[in-house]
């Protein structure tokens, strides 16, 4: 369904997900990948985005551009998260329609689901209960993106689909302790604690919440799989279907980083949702499964961090 010479626009190609998509497409032999930096194209600018898409007329679009961050960033920059994500997705999805783009993949997040919904989380649980308060603005923006895709499909016959990945990690991640997610933050903390000769590693929260993690190159593979398989529309969870506690995650990171101290939990920091693991049977039924184990993925992520940390 996706010719190797087709023009494919990857929005947000410098981010963790966007760069993984470019790697996957390049490895797959796709030769006409279209990208723009923020300086070249401000996706918050509706007119500029529309003019770019109508001029270039890509055959396929992957929307990986977004404002992202961890619990602290989501909870303190609430206006930035809802406004910027709403504008980026609306400008791109509407602009794609005006440009005649028939196929589009929108990248969301598992935080779209209710805080206390049954586990594992199925796609149909969307909008069945209240969201996690700490990242509600970001989640609402992503839900709006899903509904934009669904609405353009119903009204105009487009084939725009959405993928909801679980917690992601891997090359080109954000290791800023003020804004990063839990896994990259742990990688940085463990390496710096090792360098300082610390005896303890401080981890936010109680350590009891359970989380699922997906290596970002596996997500990129799933997106290309769905696009090239001719999936008409819909919502797809993307993950491994397995989870572990934050304590177990911290212990895995410590082993990969070579830090042999003990873990100290800062119970004054928020835990967030107590458990979040995705039901990925819809994607499995179509023949796709994640390939990278957590231990192998964390080892690769540690290598990526060290390479960037030294530079």
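In my numbering, the protein residues as written are 2 to 312.
Cβ coordinates follow ideal geometry from the N, Cα and C atoms, glycine included.
Cutting at 6 Å between CB atoms, please list the residues of its own chain near residue i, excluding the five before and the five after it.
{"i": "residue 298", "result": "216"}
{"i": "residue 268", "result": "207"}
If we call anything under 9 Å between Cβ atoms a contact, is residue i one with residue j?
{"i": "residue 204", "j": "residue 256", "result": "no"}
{"i": "residue 229", "j": "residue 166", "result": "no"}
{"i": "residue 303", "j": "residue 258", "result": "yes"}
{"i": "residue 202", "j": "residue 260", "result": "yes"}
{"i": "residue 60", "j": "residue 18", "result": "no"}
{"i": "residue 67", "j": "residue 13", "result": "yes"}
{"i": "residue 227", "j": "residue 124", "result": "no"}
{"i": "residue 181", "j": "residue 70", "result": "yes"}
{"i": "residue 85", "j": "residue 35", "result": "no"}
{"i": "residue 314", "j": "residue 6", "result": "Outside the shown range of the chain, which is 2 to 312, sits residue 314, and nothing can be said about it."}
{"i": "residue 263", "j": "residue 195", "result": "no"}
{"i": "residue 74", "j": "residue 179", "result": "yes"}
{"i": "residue 254", "j": "residue 212", "result": "no"}
With DSSP run on the structure shown, which of helix, strand or coil describes residue i?
{"i": "residue 235", "result": "strand"}
{"i": "residue 102", "result": "coil"}
{"i": "residue 267", "result": "strand"}
{"i": "residue 85", "result": "helix"}
{"i": "residue 31", "result": "coil"}
{"i": "residue 48", "result": "helix"}
{"i": "residue 253", "result": "helix"}
Could you please give the first and the last residue of the uninterrupted beta strand (DSSP E) stretch that includes residue i?
{"i": "residue 201", "result": "201-205"}
{"i": "residue 170", "result": "168-170"}
{"i": "residue 61", "result": "61-64"}
{"i": "residue 12", "result": "9-12"}
Where does the unbroken alpha helix (DSSP H) through residue i begin, and where does it stop?
{"i": "residue 219", "result": "217-229"}
{"i": "residue 156", "result": "137-157"}
{"i": "residue 126", "result": "Careful: residue 126 lies outside any alpha helix (DSSP H) and carries neither H nor E."}
{"i": "residue 133", "result": "Taken as a continuous stretch (DSSP letters only), residue 133 belongs to no alpha helix (DSSP H), as it is neither H nor E."}
{"i": "residue 306", "result": "295-311"}
{"i": "residue 195", "result": "183-197"}
Note down, in chain order, each residue of its chain lying with its Cβ closer than 8 Å to the Cβ of residue i, except the 5 sequence neighbours on either side.
{"i": "residue 122", "result": "111, 114, 238, 277, 278, 279 and 280"}
{"i": "residue 271", "result": "72, 76, 135, 205 and 206"}
{"i": "residue 49", "result": "42 and 43"}
{"i": "residue 307", "result": "192"}
{"i": "residue 176", "result": "185, 186, 188, 189, 306, 309 and 310"}
{"i": "residue 154", "result": "160, 161, 233 and 234"}
{"i": "residue 99", "result": "51, 54 and 55"}
Leaving out five residues on either side along the sequence, give the residues of the same chain with a beta carbon under 7 Å from the beta carbon of residue i.
{"i": "residue 224", "result": "22, 63, 106 and 164"}
{"i": "residue 120", "result": "276 and 278"}
Practice prompt. Determine, using beta-carbon pairs with one atom in the stretch 164-179 and one in the stretch 209-228, whether at least three such pairs fall under 8 Å.
Written response: yes
Discussion item. Within 8 Å, do at least three Cβ pairs link the stretch 273-289 to the stretch 111-124?
Written reply: Contact holds: three or more Cβ-Cβ distances are below 8 Å.
Fill in: Segment contact flag, the stretch 136-148 with the stretch 85-102, C-beta cutoff 8 Å, min 3 pairs
yes
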